[in-house]
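Engineer: Please read through the structure below; I'll follow up with questions.
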Amino acid sequence: QRVRLELTQQTIDSTPEDAKLYRGVGRCFLLGERQVMLDEMKRTMDNIDEDLPKMQKGSEELEKRKDDAEKELREMITAFRQQADHAATAA
54 QRVRLELTQQ TIDSTPEDAK LYRGVGRCFL LGERQVMLDE MKRTMDNIDE DLPKMQKGSE
114 ELEKRKDDAE KELREMITAF RQQADHAATA A
């Protein structure tokens with residue numbers, strides 16, 4: 054999303070000052086002021102820059118929890134198989 058915003062901002066910067074600019078809103082396009090659009094894109098990029106480290110940390114935490122759960126599941130399966138083998142040999 055950040056890359057798309059940067060490309061859009063470069064395109065806006067390369068257009069003439071008197072060009073009409075439209076932004077997509079849902080299924081339609083609205084005429085907007087150049088500076089307002091640039092300011093909105095800047096705010097959005099700042100929000101992305103702020104949220105990205107939080108999301109990466111959350112992703113790492115979820116990955117760690119997934120790995121721990123997989124390890125625990127493998128241990129449970131191994132214990133169940135050993136218990137089943139002991140029961141079969143005892144019978």
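To convert a position in the sequence shown, counted from 1, into the numbering used here, add 53.
Glycine included, C-beta positions come from ideal geometry on N, C-alpha and C.
Being a predicted model, the structure only gives us computed values, none of them experimental.
Check whether the stretch 106–116 and the stretch 65–75 touch, using three or more Cβ-Cβ pairs below 8 Å as the test.
Structural biologist: Touching, no, given that fewer than three Cβ pairs across the two stretches are closer than 8 Å.
Engineer: From Lys-119 to Ala-140, what distance separates their C-alpha atoms?
Structural biologist: Their Cα atoms are separated by approximately 31 Å.
Engineer: Restricting to runs no shorter than 3 residues, where is the beta strand (DSSP E) found entirely within the stretch 62–125?
Structural biologist: You should have 74–78 and 81–85.
Engineer: Under 8 Å by Cβ, that's how I've got Arg-87 and Ile-65 pegged, so tell me the actual separation to the nearest angstrom.
Structural biologist: Arg-87 to Ile-65, Cβ: 7 Å. Contact.
Engineer: With distances taken between CB atoms, is the gap from Thr-61 to Met-98 smaller than 8 Å?
Structural biologist: For Thr-61 and Met-98, no; Cβs fall outside 8 Å.
Engineer: Secondary structure at Gln-54, three-state DSSP: helix, strand or coil?
Structural biologist: Correct three-state label for Gln-54: coil.
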